[in-house]
Amino acid sequence: MAAEPIQPDTTLVDIELREGIAVLALNRADKRNAINDDMRADLIRALDWADRSPDVAALVITGRGKGFCAGGDIAAMRERLSAPAGRVGINGWQRQRRTHHLLTMLHDLPKPTIAAVNGAAAGLGADLALCCDFVIGARDATFVMSYVLRGLIPDGGGMYFLPRRVGLARAKELIFSGRM
149 MAAEPIQPDT TLVDIELREG IAVLALNRAD KRNAINDDMR ADLIRALDWA
199 DRSPDVAALV ITGRGKGFCA GGDIAAMRER LSAPAGRVGI NGWQRQRRTH
249 HLLTMLHDLP KPTIAAVNGA AAGLGADLAL CCDFVIGARD ATFVMSYVLR
299 GLIPDGGGMY FLPRRVGLAR AKELIFSGRM
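With our numbering applied, the sequence shown closes on residue 328, and no number is skipped along the way.
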């Protein structure tokens with residue numbers, strides 16, 4: 149008999165189990181819950197636990213503070229650019245693989261997933277919400293594919309998930325303009 153999965157100890161993702169519903173709350177409110185390497189690792193551990201735990205029937209992901217998720221941590225991205233050019237490329241590729249692993253885990257979780265969006269879901273934060281089975285926005289919720297504003301492409305799954313939610317024409321408008 150397999151051992152019962154133990155709820156992981158995470159620093160940047162609060163985990164609460166309420167009557168079979170795992171609530172994962174991104175907890176970097178001072179940074180609008182921007183995803184850095186540590187938060188991504190915490191999310192992967194939390195999703196792995198939710199997947200394996202028989203006590204979890206569904207999962208809700210939300211953000212602490214005024215925003216759901218501001219996307220990737222831009223300050224951390226700037227710091228990483230000081231590495232030698234070859235390292236920047238290799239490290240970026242490895243980081244992107246881990247991000248895709250996280251988003252794939254969330255999308256493929258064999259239990260219902262709900263993004264409870266409060267405030268802004270920008271860039272990777274919007275992609276995180278779009279990976280869920282259901283997206284519920286508070287009155288103050290805003291969604292923005294902000295990649296173009298940074299000279300980037302929606303590499304967190306936005307180009308795949310957004311057209312399936314809003315249609316191709318609307319997705320192109322949102323991705324190419326960066327508007328809410």
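We put the CB at the ideal spot given by N, CA and C, even for glycine. Since the model is a prediction, treat every value here as computed from it, not as a measurement.
- In angstroms with no decimal places, state the Cα-to-Cα distance between A177 and D203. 28 Å
- Query: Under 8 Å between the Cβ atoms of L310 and L257?
  - Reply: no
- For R318, the first and last residue of its enclosing alpha helix (DSSP H): L316 to S325
- Message: Please report the straight-line C-alpha distance between D281 and P260, rounded to a whole angstrom.
- Response: 6 Å
- Measure the beta-carbon distance from A205 to G168 and round it to whole angstroms, keeping in mind my assumption that it falls under 8 Å. 4 Å
- Query: Taking Cβ positions, are A218 and R193 nearer each other than 8 Å?
  - Reply: no
- Does the separation of the CB atoms of V171 and M187 fall below 8 Å? no
- So what does DSSP say about A110, is it helix, strand or coil? Outside the displayed range of the chain (149 to 328) lies residue 110, so it cannot be described from this structure.
- Message: What would DSSP say about A194, mapped onto helix, strand or coil?
- Response: helix
- Does the distance from the C-beta atom of G211 to that of L174 stay below 8 Å? yes
- Quick one: measure Cβ to Cβ for V314 and A289, integer angstroms, because I've assumed they're closer than 8 Å. Not really, about 15 Å apart at Cβ, beyond 8 Å.
- Message: Assuming contact is defined by CB atoms lying nearer than 8 Å, are K214 and G267 in contact in what I supplied?
- Response: yes
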